[in-house]
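With the working numbering as the guide, the letters of the sequence shown map in order to residues 4 to 164. Where is the CB? At the ideal position from N, CA and C, for every residue including glycine.
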Amino acid sequence: MQTLMVIIMLAFSVFTSETQSNESTFISEGNSMAPFLQNEERLIVDKDYYKSHPVAHGDVIVFKDDKNKTHVKRVISISGDIMEYKEDTLYINNKPVDEPYLTEYKLEAKQDETLRVTEDYGPYTIPQGTVFVLGDNRWNSYDSRVFGPIKVGQIIGKVVK
Numbered sequence: 004m005q006t007l008m009v010i011i012m013l014a015f016s017v018f019t020s021e022t023q024s025n026e027s028t029f030i031s032e033g034n035s036m037a038p039f040l041q042n043e044e045r046l047i048v049d050k051d052y053y054k055s056h057p058v059a060h061g062d063v064i065v066f067k068d069d070k071n072k073t074h075v076k077r078v079i080s081i082s083g084d085i086m087e088y089k090e091d092t093l094y095i096n097n098k099p100v101d102e103p104y105l106t107e108y109k110l111e112a113k114q115d116e117t118l119r120v121t122e123d124y125g126p127y128t129i130p131q132g133t134v135f136v137l138g139d140n141r142w143n144s145y146d147s148r149v150f151g152p153i154k155v156g157q158i159i160g161k162v163v164k
């Protein structure tokens with residue numbers, strides 16, 4: 004019983020701190036960000052983060068698409084970048100970029116030489132005022148490869164988990 008009270012008090016203090024700052028709780032839907040986020044995992048989003056910071060490569064963000072549906076994705080490329088995927092390697096401005104969040108998928112793809120984690124794409128210049136986002140689970144993600152770059156103004160906030 005005492006343990007239950009401590010859990011309730013902790014939950015209340017987390018809820019209270021979230022409402023006093025500009026953080027919101029979201030629930031992930033689907034596995035497009037696995038293994039970083041699992042289906043129905045709770046995440047905390049800092050809605051003020053981008054008021055004082057630029058959007059950066061690798062940020063995990065929550066945004067609304069043009070149909071007002073909420074998504075969670077990773078920023079792969081930002082305004083002005085020339086982005087390209089070749090043979091499962093991301094290139095930003097012609098330089099290879101390490102993507103440690105894809106390690107699990109790359110190991111799986113190596114076991115089957117016909118698989119690629121990310122199909123070849125680009126080169127593509129990211130328009131001003133937009134970012135290119137992908138799910139970590141590239142085999143199961145509806146992202147910028149389908150709907151194109153998103154406007155920075157569509158970003159709700161940064162996932163702080």
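Could you tell me the distance, in whole angstroms, from the CA atom of residue 1 to the CA atom of residue 92? Because residue 1 is not part of the residues shown, which for the chain are 4 to 164, the question remains open.
Classify residue 109 as helix, strand or coil using the three-state DSSP reduction. Reduced to three states, the DSSP call for residue 109 is helix.
So who's on the other strand from residue 82, going by DSSP bridges? Under DSSP, residue 82 takes part in no beta bridge, so it has no partner.
Is DSSP giving residue 99 helix, strand or coil here? In the structure shown, residue 99 adopts extended strand secondary structure according to DSSP, grouped into three states.
Kindly identify the DSSP beta-bridge partner or partners of residue 74. Per DSSP, the beta bridge partners of residue 74 are 66.
Tell me whether the stretch 29-43 and the stretch 133-143 touch, counting them as touching only if at least three CB pairs, one residue from each stretch, are closer than 8 Å. These segments touch.
Name the DSSP beta bridge partners of residue 49, please? According to DSSP, residue 49 bridges with 26, 161.
Residue 39 - DSSP class collapsed to helix/strand/coil: In this structure, DSSP gives residue 39 a state outside helix and strand, which the three-state scheme calls coil.
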